[in-house]
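See below for the structure under consideration.
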Amino acid sequence: MTREVMCLVVFVATGVGLFAQTPQPFPRPQTTQSTQGTAPRPQPPPGGTSAVAPAPASQTPTVPIAPPANPGTPTEATLGFPIYPSAQFIASYDAGRSQRYYVFGATTPYAELVAYYRTVLKERGDEIFKEPPTHMFEVGRFRDETMAFPPGVTIKDWTWGGSAGYPNPQVGGQPARFSTIIMIVPAPTAAPAAQR
482 MTREVMCLVV FVATGVGLFA QTPQPFPRPQ TTQSTQGTAP RPQPPPGGTS
532 AVAPAPASQT PTVPIAPPAN PGTPTEATLG FPIYPSAQFI ASYDAGRSQR
582 YYVFGATTPY AELVAYYRTV LKERGDEIFK EPPTHMFEVG RFRDETMAFP
632 PGVTIKDWTW GGSAGYPNPQ VGGQPARFST IIMIVPAPTA APAAQR
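The numbering of the sequence shown is the numbering used here, which starts it at 482 and goes up by one.
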């Protein structure tokens, strides 16, 4: 009996440690390409003067401006859906059946984004959750045999319930948190979305 209890305690303790770890995102190929084109940063000499330190600090704000020119960032033409003008591309994930999720972050309030997509898509959409507020615009026809998800745009409020927002996965990226997340699921490349 004691042996079984000890084994159970060891398994639970090991499992808690594994679940407490934050998974790290996979490196993207475009991040290595963008760093190859930039000049290496000069390293301050050990015991250097304080006059040398401000020069690299003044150059660092130009680095976060580079990601919009990233060749891996999807465009409205590649997605077949409009992207909110100030939205920042966060990541894309495999949805299965030749589809991907494209996740964008925005500091614009949830209600404004819903109104924007209602106007641009000419769709009313559906509020699929009241808590946390989540609005979905299904554009195009869902085909179960070729699609994992219906093509469309989903907007979620990440400030609901007092949350600070969705953390920016880019280290040192601005803003530190996004109040609203936009998820775009285009139709598979073999079956383009039928616009209404």
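Each residue gets a CB set at the ideal place from its N, CA and C atoms; glycine is no exception.
Inset, instruction - Report the rounded CA-to-CA distance for residue 557 versus residue 622, giving the unit in angstroms. - result: Residue 557 sits at position 76 when you count from the first residue of the sequence shown. Residue 622 sits at position 141 when you count from the first residue of the sequence shown. In a straight line, the C-alpha of residue 557 is about 19 Å away from that of residue 622.
Legend entry - Option in 594, 644 and 602 with minimal Cα separation from residue 612: Start at 1 with the first residue of the sequence shown, and residue 612 comes out as number 131. For the residues 594, 644 and 602, the minimum Cα distance to residue 612 belongs to 644.
Inset, instruction - Would you list, in sequence order, the uninterrupted beta strand (DSSP E) runs of no fewer than 3 residues that lie entirely inside the segment 614 to 646? - result: 615 to 619 and 633 to 638
Legend entry - Span of the beta strand (DSSP E), counted from its first residue to its last, around residue 605: Here residue 605 corresponds to residue number 124 of the sequence shown, with the count starting at 1. Here residue 605 belongs to no beta strand (DSSP E), and DSSP marks it neither H nor E.
Inset, instruction - Check whether the Cβ atoms of residue 563 and residue 601 sit closer than 8 Å, and answer yes or no. - result: As a first step, residue 563 is located in the sequence shown; it is residue number 82 there, counting from the start. As a first step, residue 601 is located in the sequence shown; it is residue number 120 there, counting from the start. Their beta carbons are under 8 Å apart, which means residue 563 touches residue 601 by this criterion.
Legend entry - Bridge-paired residues (DSSP) for residue 573: Position 92 of the sequence shown, counted from the first residue, corresponds to residue 573. Beta-bridge pairing links residue 573 to 583.
Inset, instruction - Please classify residue 595: does DSSP put it in a helix, a strand, or coil? - result: Residue mapping note: residue 595 aligns to position 114 of the sequence shown, counting from 1. In this structure, residue 595 counts as helix in the three-state DSSP scheme.
Inset, instruction - Measure how close the beta-carbons of residue 572 and residue 667 come, nearest whole angstrom, since I'm counting them as under 8 Å. - result: As a first step, residue 572 must be located in the sequence shown, where it is residue number 91. As a first step, residue 667 must be located in the sequence shown, where it is residue number 186. The pair is not a contact, with the Cβ atoms about 15 Å apart (cut-off 8 Å).
Legend entry - Where the beta strand (DSSP E) through residue 661 begins and ends: Sequence index remark: in the sequence shown, residue 661 carries index 180 (1-based). 661 to 666 is the span of the beta strand (DSSP E), which, as asked, contains residue 661.
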